[in-house]
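Residue numbers (my numbering), protein chains in the order written: chain A, 13 to 373; chain B, 105 to 229. Glycine included, every Cβ here is placed at the ideal spot set by N, Cα and C. These numbers were taken from a predicted model, which means no experiment stands behind them.
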C-alpha cells in the first residue's frame with residue numbers, strides 16, 4: 013500500500029493519472045506532460061513534492077553532525093541559506109543527494125522519498141549525539157516554478173519575497189499559511205519551494221491554483237518534473253547515481269569540499285583525481301526523437317563505452333536528450349551512438365545543462 | 105465518442121478498419137492513454153508485406169516504448185507521414201488523424217480480432 017501525500021485527494025479530484033514513486037501514490041500528469049512542461053518554461057506550474065523527506069538537526073552538535081554526513085561545506089551557510097550536496101558512504105558512494113537549509117536552531121536536510129528509510133537510519137547511525145527529527149510526514153512541500161512563479165507567490169505573501177536570493181529561504185506566510193519560502197527548484201526556472209505543515213497543504217494548493225490561473229499556471233506531475241529537470245541538467249538519485257557512484261563520476265565533484273576537514277567518505281574521495289574520475293558523466297544530444305533510456309548502451313567508435321543514465325525527449329529543444337556514464341578515456345569529440353532497442357542512434361556529447369533559462373527572465 | 109462499429113481490435117491494442125482489400129491500422133484510445141505523450145514512431149517502408157500478428161514498428165512515449173503488431177496481413181501501401189512531425193496526433197485522434205498504416209491486399213485470414221464489445225471487455229471499459 014503506497015503512502016499518500018496530504019494532497020492525494022486533490023490530485024484524484026483533478027483527474028490526475030497516478031503512479032507509484034518512492035513509495036507514494038503521486039500524480040504523473042494532470043493534462044499532458046508536454047503541456048505541463050511548456051507551462052513551466054513559459055508561464056508557471058504547481059507541483060506537489062510532499063513525498064520528499066525532511067530531517068531536522070538541532071541543538072549542540074548539529075553543525076558537526078551535518079558536516080560529517082555531507083560532502084559540501086555547510087559551515088559557510090548563514091541562517092536562511094541553503095546548499096546542494098551529496099551524502100556519501102565510507103567508500104565515497106552516494107547515499108543520497110540533498111539540500112541543506114541553515115535554520116536559526118540548526119539544519120534541515122531535504123532527502124529523496126525513495127531513500128528516506130535508508131537515509132534516516134544512516135543519519136541516526138552517524139550523527140553522534142546530535143538531536144535528529146524526521147519531519148517527513150509533518151511537512152508538505154509545494155513548488156511554484158516558471159517565469160511567472162515569483163509574481164504569483166509574491167502577491168500572496170505577508171513579507172516581500174521578490175528579493176529572496178537563489179538558495180535562500182525566508183519564514184513568512186503565504187495565503188495566511190505559515191511557510192518557509194525557498195528560492196529553489198528542480199526545473200531550471202525561477203520560482204519557490206514552499207515548506208508548510210501537512211494540514212495546511214490542501215488549502216494552500218487551492219489558493220495557489222486560484223491565484224495562478226490568471227498567469228496560466230497548470231498543476232504539474234512527475235512526468236513534467238522529469239523532463240524539466242533533465243533539460244536543466246539536474247541529477248536524479250537512483251538513475252544518475254547510486255550507492256556505488258562517487259560524486260566525481262556523476263559530475264558532482266563541485267559539491268565535495270575536502271578542505272573542510274574529515275567527513276564520511278572523505279578519505280576515499282581524496283584518492284580520486286577529479287580530472288580522471290572512474291567514470292565521466294556527460295550530456296548527450298540525439299539527432300532524432302527516439303528516446304534513449306536508462307541502461308541502454310553508449311557506443312564510441314563502435315565499442316561499448318558506457319550506459320545511459322537518464323533520457324527523454326526535450327520539448328524545448330525538439331530532439332531527444334540523455335545523460336550517460338561513460339569511460340573516462342573517451343574524448344568528448346568522439347563519435348557517439350546509442351543502441352536504442354537494437355537500432356543505432358547517432359548522438360553527440362554536449363555540455364550540460366541542455367537548457368538554461370534566459371537572463372532576466 | 106467515435107463510431108467504432110467498423111473497427112476491429114487486437115489484444116495488443118491495435119485497431120484495424122477493413123474496406124474491401126484495404127485496411128487502415130492504428131492504436132486504440134486505451135493504448136494512447138496508457139502511453140501518454142507520444143514522441144516517436146518507427147513505421148515500415150511502403151511495400152513491406154506483413155503477416156497478421158507480425159511486428160511492424162514501434163511507438164515511443166515519454167514514459168515507454170512499445171512494439172506495434174499488424175492486426176491483419178497485407179502490404180504497406182501508405183504510412184501516415186504527418187506523424188513524423190506530429191506524433192501527438194496519435195494522442196489527440198487515435199481512430200482518425202492518428203492512423204499509422206494503410207495496407208493493400210489486406211486479409212483477416214488467420215487474424216485474431218475482437219469486436220468493439222470484446223475489446224471493451226478486454227480493457228475493462
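Residues are counted here when their Cβ sits less than 8 angstroms from a Cβ of chain A; for the region 117-143 of chain B these are 140, 141, 143, given in chain order. For residue 243/A, there is no enclosing beta strand (DSSP E); the residue is part of the alpha helix (DSSP H) that begins and ends at 234-243. Within the region 173-253 of chain A, the alpha helix (DSSP H) runs of at least 4 residues that lie entirely inside it are, in chain order, 213-224, 234-243. Apart from sequence neighbours up to five positions away, the residues of its chain that approach residue 349/A with a beta-carbon distance below 7 angstroms are 311, 356, 357, 358, 359, ordered along the chain. Ranked by how close their Cα comes to the Cα of residue 291/A, the residues 313/A, 319/A, 265/A, 261/A have 261/A in first place. Apart from the 5 residues on each side of it in sequence, residue 130/A sits with its Cβ closer than 8 angstroms to the Cβ of 107, 108 in its chain, given in chain order. Residues of chain A whose Cβ lies closer than 7 angstroms to the Cβ of residue 166/B are, in chain order, 45, 235, 239, 324, 325. The beta carbon of residue 239/A lies closer than 8 angstroms to those of 45, 49, 324, 325, 326, 327 in the same chain, with the five residues before and after it left out.
The beta carbon of residue 213/A sits closer than 7 angstroms to those of 18, 19, 62, 152, 154, all from its chain and outside the five residues before and after it, given in chain order. At a cut-off of 7 angstroms between beta carbons, residue 53/A makes no contact with chain B. When 9 angstroms is used as the limit between beta carbons, residue 186/B is near no residue of chain A, the shortest such separation being about 14 angstroms. Close to residue 301/A, with beta-carbon spacing below 8 angstroms, are these residues of chain B in chain order: 143, 144, 164, 191. By the neighbour-count definition (other C-beta atoms within 10 Å, threshold 16), residue 174/A is an exposed residue. When the five nearest sequence neighbours on each side are left out, the beta carbons in the same chain lying within less than 6 angstroms of the beta carbon of residue 128/B are those of 121, 203, 206, in order along the chain. One thing to note: residue 187/B has its Cβ no nearer than 7 angstroms to the Cβ of residue 139/B. The C-beta separation of residue 58/A from residue 229/A comes to about 6 angstroms, placing the pair in contact by the 8 angstroms criterion. Taking 7 angstroms as the cut-off, the Cβ atoms of residue 186/A and residue 56/A do not count as close.
The alpha carbon of residue 201/B has as its nearest neighbour, out of 130/B, 112/B, 126/B, the alpha carbon of 130/B.
Contact between residue 69/A and residue 78/A holds: their C-beta atoms lie close to 6 angstroms from each other, under 8 angstroms. Straight-line measurement puts the Cα of residue 242/A at about 16 angstroms from the Cα of residue 51/A. Straight-line spacing of the CA atoms in residue 222/B and residue 193/B works out to 25 angstroms. Contact of residue 353/A with chain B by beta-carbon distance below 8 angstroms involves 162, 169. Between residue 154/B and residue 178/B a beta carbon distance of about 6 angstroms is seen, short of the 8 angstroms cut, so the two are scored as contacting.
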